[in-house]
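Beneath this line is the structure, given in structure tokens, with notes to follow.
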Amino acid sequence: PTRRSSDLFGAAQLMAGVNSSAMDLLPRVSYDGLTLFFESTRAGGGGNSDIWAAERTTPSGPFGAPHPRADLNTAGREEGFSLSGDQLTIVFASSRGGSGMDLWQAQRSDPHGSFAAPVLLGELNSTADDLDPGLSLDGREIFFTTQRDTDYRIYHALRDCQ
């Protein structure tokens, strides 16, 4: 990893061309630094809150115009997502199942391609809201928030990768 000469960040600046007049939040940059994923309630998505992305050609270049991730979005809520280190797996929370917020996973074969149809992570979900997943870099461990114990609590699970 590159070492910086200072631990201080420069002044915060509004990201030109990425923000809208709607709610834009939960930014996540892919590990190669080329894609900015975020949640937005702006018009043009599937409805409600959606996952959007903006790309750039170099890690220090400007991001292009955002676009909705139609391969992930529905008329429900999609939010609180995490991308694996190889960028082939995304886990996110969605209300698409009709039973509150559940964790879903989608995979792709190319780090910059479309995701296949998301699948419900039934073994992780409860009857309460399950939200805000965070995958480890290797995708073998997941952390998430759930309300299954009355208050929101952090849970985790390991994949059995043979």
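Every position in the sequence shown, counted from 1, becomes a number in the numbering used here once 1067 is added.
A virtual CB, placed ideally from N, CA and C, is assigned to each residue, including glycine.
None of the values given here were measured: they were computed from a predicted structure.
How about residue i and residue j: are their beta carbons less than 8 Å apart?
| i | j | result |
| --- | --- | --- |
| PHE1159 | GLY1167 | no |
| TRP1171 | SER1162 | no |
| THR1156 | GLY1206 | yes |
| GLN1154 | TYR1098 | yes |
| GLY1152 | LEU1101 | no |
| LEU1198 | THR1212 | yes |
| ASP1196 | GLN1214 | yes |
| PRO1185 | LEU1139 | yes |
Measuring only the C-alpha atoms, how far is residue i from residue j?
| i | j | result |
| --- | --- | --- |
| TRP1119 | PHE1076 | 26 Å |
| ASP1117 | ARG1109 | 8 Å |
| ALA1137 | PHE1105 | 13 Å |
| GLU1208 | HIS1223 | 7 Å |
| GLY1111 | PRO1135 | 7 Å |
| LEU1225 | PHE1210 | 9 Å |
Let me know the secondary structure DSSP gives residue i once reduced to three states.
| i | result |
| --- | --- |
| ARG1095 | strand |
| ASP1196 | coil |
| PRO1126 | coil |
| ASP1117 | strand |
| GLN1214 | strand |
Classify residue i: buried if its beta carbon has 16 or more other beta carbons within 10 angstroms, exposed otherwise.
| i | result |
| --- | --- |
| GLY1128 | exposed |
| GLU1190 | exposed |
| ALA1079 | exposed |
Closer than 7 Å: is that where the CB of residue i sits relative to any heavy atom of the ligand SAM?
| i | result |
| --- | --- |
| PRO1185 | Of the ligands one can find in the structure shown there are none, so the ligand SAM has no counterpart to examine. |
What span of residues does the beta strand (DSSP E) with residue i cover, start to end?
| i | result |
| --- | --- |
| ARG1220 | 1218-1225 |
| LEU1170 | 1169-1174 |
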